[in-house]
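Residue numbers (my numbering), protein chains in the order written: chain Z, 61 to 155; chain S, 61 to 155. Beta carbons are placed, not taken as given, at the ideal position from N, Cα and C, and that holds for glycine. Every value quoted in this text rests on a predicted model; they were computed, and no experiment measured them. Notes to accompany the following structure.
Protein chains: 2
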Amino acid sequence: MSSSDVMVSMHHKALHLLQEDANKIEKLIEVQMENLTTRKCPLYEEVLDTQMFGFSREVDFAVRAGLIPVAAGKDLLSRLERNLAQLYEALNPKG
Amino acid sequence: MSSSDVMVSMHHKALHLLQEDANKIEKLIEVQMENLTTRKCPLYEEVLDTQMFGFSREVDFAVRAGLIPVAAGKDLLSRLERNLAQLYEALNPKG
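In structure tokens, the structure reads:
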């Protein structure tokens, strides 16, 4: 493998891992969305916030390590943040 | 640069970044150790726990991305955990 092949392969791997982790959080959000009308788990917000914090640290590290571009990191995070915001809106509807 | 040079350079960079982050937490622990007798900040433990969690996610990601060996990740974390344990012991001395 050439050096640029190695880089491309490491970047792919990093992005794939981050996407997997993002999917796990996504799944947590979906589950809570589906259970909106049945029951609320009071710890859900806390768990999601913690997971989001951990994920943002992973993404930040990947960017600093030169594994993914800044924009790719921002995309991953803002997508999750939008979904989270929708969940919170659904959990706490305004009057 | 050869492909193995690229790998070595990425591994160095990753380890260096993690070491920097570990040093920041180390610093937080030191500051609290120095202030043991003067004043306790009740949020300190929470802040340190959060920082440790974020750091463990970074380390875990670096290992999974093939940037650092499992053993190096464990070393980074266990060193900090030992220092944290010392701080907590000093904060909560047994009768």
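M67(S), enclosing alpha helix (DSSP H) - first and last residue: S63 to E94
Should F115(S) go down as buried or exposed, given a rule of 16 or more other Cβ atoms within 10 Å for buried? buried
Short CB-CB distance (under 8 Å) between G126(S) and chain Z: yes
What did DSSP end up calling K134(S) once you bin it into helix, strand or coil? helix
For the segment 65-78 of chain Z, which residues have a CB atom closer than 9 Å to at least one CB atom of chain S, in sequence order? D65, V66, M67, M70, K73, A74, L77 and L78
Over what stretch of residues does the alpha helix (DSSP H) that includes A176(S) continue unbroken? What the structure shows of chain S is the stretch from 61 to 155, and residue 176(S) is not part of that stretch, so it cannot be assessed.
Whether L88(Z) touches L108(Z) by CB criterion (8 Å): yes
Whole angstroms are fine: how far does the CA of S69(S) sit from the CA of S63(Z)? 11 Å
Checking contacts by CB at 8 Å: is E118(Z) closer than that to chain S? yes
Checking 8 Å against the spacing of the C-beta atoms, do K73(Z) and G126(S) come in under that value? yes
Beta-carbon spacing of F121(S), L140(Z) below 8 Å: no
Along chain S, in chain order, which residues have C-beta atoms closer than 9 Å to that of A132(Z)? The contacting residues do not exist; A132(Z) stays about 14 Å from chain S at best.
Cβ of A122(S) less than 8 Å from any chain Z Cβ? yes
Flag this pair as yes or no: are the beta carbons of L144(S) and M112(S) separated by less than 8 Å? yes
Where does L127(Z) fall in DSSP's three states? coil
Strictly below 8 Å CB to CB, what residues from chain Z border S63(S)? M61, S62, S63, D65 and V66
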